[in-house]
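Asker: This is the structure I have questions about; it appears just below.
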Amino acid sequence: VQLQAFGGGWVHPGGSLRLSCSARGIIFGRVSVGWYRQAPEKQRELVATITSGGSTNYTDFAKGRFTVSRDNIRRTVSLVMNNLKPEDTAVYYCHIPTSISNWGSGYWGQGTQVTVSS
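Taking the working numbering, the leading residue of the sequence shown gets 1, the next gets one more, and so forth.
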């Protein structure tokens with residue numbers, strides 16, 4: 001299984017970014033996908049998840065600002081991030097868990113850096 005995340009970059013506070021994750025080597029339409037992030041000197045934390053059926057879940061800091069979606073034909077999952085804050089600065093990873101009851105264990109992409117600063 002190969003996951004590749006891209007779309008990161010540098011933005012001013014209040015700006016927006018769209019991250020994408022492409023997957024190969026797996027029946028994409030059958031798996032849930034999650035976005036995690038890891039800021040310097042902090043533990044990796046969950047941002048949002050989307051099930052194979054399209055149901056979404058967000059960590060509190062992402063609610064109302066981030067939107068996760070998927071395109072099973074293109075085998076991609078996107079994370080649109082609006083009203084970005086400096087505390088959103090982190091490396092963002094896409095993840096496919098071995099099971100939806102075992103988030104954090106499974107496949108990881110290489111990560112894409114998001115930097116929010118003025």
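Don't be surprised by glycine CBs; every beta carbon is placed ideally from N, CA and C. All of these numbers come straight from a predicted model, not from anything done at the bench.
Specify whether the segment 94-102 and the segment 59-67 touch according to this definition: at least 3 beta carbon pairs, one from each stretch, less than 8 Å apart.
Answerer: Touching, no.
Asker: Where does GLY54 fall in DSSP's three states?
Answerer: GLY54 falls in the coil class under three-state DSSP.
Asker: Considering only DSSP beta bridges, list what VAL116 is partnered with.
Answerer: In the DSSP output, where bridge partners are listed per residue, VAL116 has VAL11.
Asker: Going by DSSP in three states, ALA39 sits in which element: helix, strand or coil?
Answerer: The answer is coil: DSSP assigns ALA39 none of H, G, I, E or B.
Asker: If you run the structure through DSSP and keep just helix, strand and coil, what is GLY64?
Answerer: Coil at GLY64, not helix or strand.
Asker: Tell me whether the beta-carbon of LEU84 lies closer than 8 Å to the beta-carbon of GLY8.
Answerer: Taking 8 Å as the Cβ cut-off, LEU84 and GLY8 do not qualify as a contacting pair.
Asker: Let me confirm a value: GLY29 is counted as buried when at least 16 other C-beta atoms fall within 10 Å, else exposed. Which label applies?
Answerer: Exposed, by the Cβ-count rule.
Asker: In whole angstroms, what separates the C-alpha of SER69 from that of SER117?
Answerer: Answer to the nearest angstrom: the Cα atoms are 26 Å apart.
Asker: At the level of alpha carbons, what is the spacing between GLY106 and VAL11?
Answerer: When rounded, the distance between both Cα atoms is 30 Å.
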